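A short worksheet on the structure shown next.
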């Protein structure tokens, strides 16, 4: 069994095989896609802020302390910040909002919410999925 937080950390680390395996397990365990979307969006919002602060010249250590990034997560958060820009995380938030609306039946999307989440996971891992998230 996996938690959505472990899934997010695997994405941030860039370990796409593990992330996809976790996502499949979460789906088969009955986890609602909107929960996964919410956790991803929460993390992306933090990463937008952290990337902006680092771009403004603040040290990673200070930024991580301010955002309460535990030492056990600093490597995966740091890897994600090195892999993608703040602009990427902003675009990811917009995309996640669209996926959320599709999961709630409020907007037509290409593919199921789970298929969209697979593409998001791969994109966060740094794999170009053709979804427009590889910035």
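In the numbering used here, the protein residues as written are 168 to 302. For each residue, glycine too, the CB sits at the ideal point set by N, CA and C. None of the values given here were measured: they were computed from a predicted structure.
Output needed for residue i: all residues of its chain with C-beta closer than 6 Å, excluding positions within five of it in sequence on either side, in chain order.
{"i": "residue 250", "result": "293"}
{"i": "residue 121", "result": "The structure shown does not extend to residue 121, since the chain is modelled only from 168 to 302, so the question has no answer here."}
Taking just the CA atoms, how far does residue j sit from residue i?
{"i": "residue 176", "j": "residue 270", "result": "22 Å"}
{"i": "residue 211", "j": "residue 264", "result": "12 Å"}
{"i": "residue 239", "j": "residue 180", "result": "12 Å"}
{"i": "residue 248", "j": "residue 214", "result": "7 Å"}
{"i": "residue 277", "j": "residue 168", "result": "28 Å"}
{"i": "residue 195", "j": "residue 281", "result": "11 Å"}
{"i": "residue 228", "j": "residue 220", "result": "11 Å"}
In the DSSP assignment, find the alpha helix (DSSP H) that holds residue i and state where it starts and stops.
{"i": "residue 241", "result": "241-250"}
{"i": "residue 184", "result": "183-195"}
{"i": "residue 261", "result": "253-270"}
{"i": "residue 177", "result": "171-180"}
{"i": "residue 290", "result": "280-291"}
{"i": "residue 219", "result": "200-222"}
{"i": "residue 277", "result": "Premise fails: residue 277 is in no alpha helix (DSSP H) and is neither H nor E."}
{"i": "residue 168", "result": "Neither: residue 168 is in no alpha helix (DSSP H) and is coded neither H nor E."}
Within its chain, find whatever has a CB closer than 7 Å to the CB of residue i; leave out the 5 residues flanking it on each side and keep chain order.
{"i": "residue 268", "result": "274"}
{"i": "residue 172", "result": "206"}
{"i": "residue 285", "result": "187, 190"}
{"i": "residue 184", "result": "none"}
When you compare each of the options to residue i by their alpha carbons, which one comes out closest?
{"i": "residue 246", "options": "169, 272, 168, 217", "result": "217"}
{"i": "residue 262", "options": "290, 248, 222", "result": "290"}
Looking at the ligand SAH, does it come within less than 6 Å of residue i, judged from the CB to the closest heavy atom?
{"i": "residue 248", "result": "With respect to the ligand SAH, the structure offers nothing, as it holds no ligand at all."}
Pair every Cβ in the region 198-208 with every Cβ in the region 223-235, then say whether three or more of these pairs are closer than 8 Å.
Judged by Cβ distances under 8 Å, the region 198-208 makes no contact with the region 223-235, as fewer than three pairs qualify.
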